[in-house]
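Just below is one structure, and these are the notes that go with it.
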Amino acid sequence: MVDKGDTLFLLVSAALVLLMTPALAVFYGGLVRRKNVLSVVIQSLIMISIVTLEWIYVGYSLSFGPDLHGIIGSLKHFALRDISFSPSPNYASTVPEPAFMIYQCMFAVITPALITGAFAERVRFRAFALFSLLWALLVYNPLCHWIWGGGWLASLGTLDFAGGLVVHASCGMAALVMALVVGARRGAKQEPFIPHNLPLTVIGTGLLWFGWFGFNAGSALAVNNTAIQAFINTHTAAATAMLFWVLVEW
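Start counting the sequence shown at 373; every next residue gets the next number (this note's numbering).
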């Protein structure tokens with residue numbers, strides 16, 4: 373049965389998670405040199421377009437479609453085919469499935485955007501766009517199905533409440549590999565690297581902090597005690613991290 377309160381909560385959470393991608397663009401944009409700001413910002417923002425379309429046409433079906441041998445979802449929901457406004461009992465029993473779909477879409481969008489910081493100023497836009505599409509298709513969608521879509525890791529009892537594995541472990545490993553493959557930026561050892569606008573990075577940090585409430589609390593998929601606890605934990609962790617950073621830097 374659809375709960376209107378849970379549905380509104382999930383849609384607002386989806387909007388907050390979407391906010392994190394332009395916030396990430398602002399964050400990275402302040403850290404690079406002035407001549408590369410626009411390039412880095414566009415690399416993050418283009419994820420909203422590329423990954424959203426990939427998700428709608430094949431990504432959601434590959435991630436949450438009927439299971440194929442625990443490896444990947446089928447293409448039953450290609451282009452959101454056979455998606456009704458009834459709840460999906462397997463994933464979110466109190467919200468319409470399209471609401472769950474668009475919430476998960478925002479996770480898929482920000483995950484490859486997180487990788488951009490590992491090779492900022494060192495990759496051409498065309499190569500980055502192609503990499504992002506292929507990474508979402510070949511890495512994110514299968515991993516999402518393995519853990520959240522009823523795949524083989526889910527059958528082993530793997531737990532991932534808000535993307536510790538699906539989002540952060542995957543993009544962290546990808547960022548490490550990309551940094552090793554691409555290497556250091558030109559002139560890295562000859563000239564000092566100075567971020568061009570740290571106040572911009574601070575603004576991005578604040579927006580990311582705000583977006584995390586939708587990312588973590590929204591993962592409860594309902595207005596309940598779990599969502600409240602996730603909200604509190606998110607804020608407490610961020611506040612603690614900020615205090616210790618100030619103490620270390622001071």
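We put the beta carbon where it would ideally sit given N, CA and C, even for glycine.
Continuous alpha helix (DSSP H) stretch holding A471: start and end: 469-487
Per-residue burial, Q476 [other beta carbons within 10 Å of its own, 16 or more giving buried]: buried
Minimum C-alpha distance to H517 - residue among G535, I443, G544: I443
Three-way DSSP call (helix, strand, coil) for D378 in this model: helix
Residue span of the alpha helix (DSSP H) that contains I414, given as start and end: 409-426
S591 in three-state terms, based on DSSP: If DSSP states are grouped into helix, strand and coil, S591 belongs with the helices.
Among P484, P564, I575, W617, nearest to S542 - alpha-carbon criterion: P484
Residue span of the alpha helix (DSSP H) that contains G544, given as start and end: G544 -> alpha helix (DSSP H) spans 542-554.
Contact set for A451: own chain, Cβ-Cβ below 6 Å, skip 5 residues either direction: Y429
Straight-line Cα distance separating L388 from L572: 19 Å
Sub-8 Å separation of V554 and V495 beta-carbons: yes
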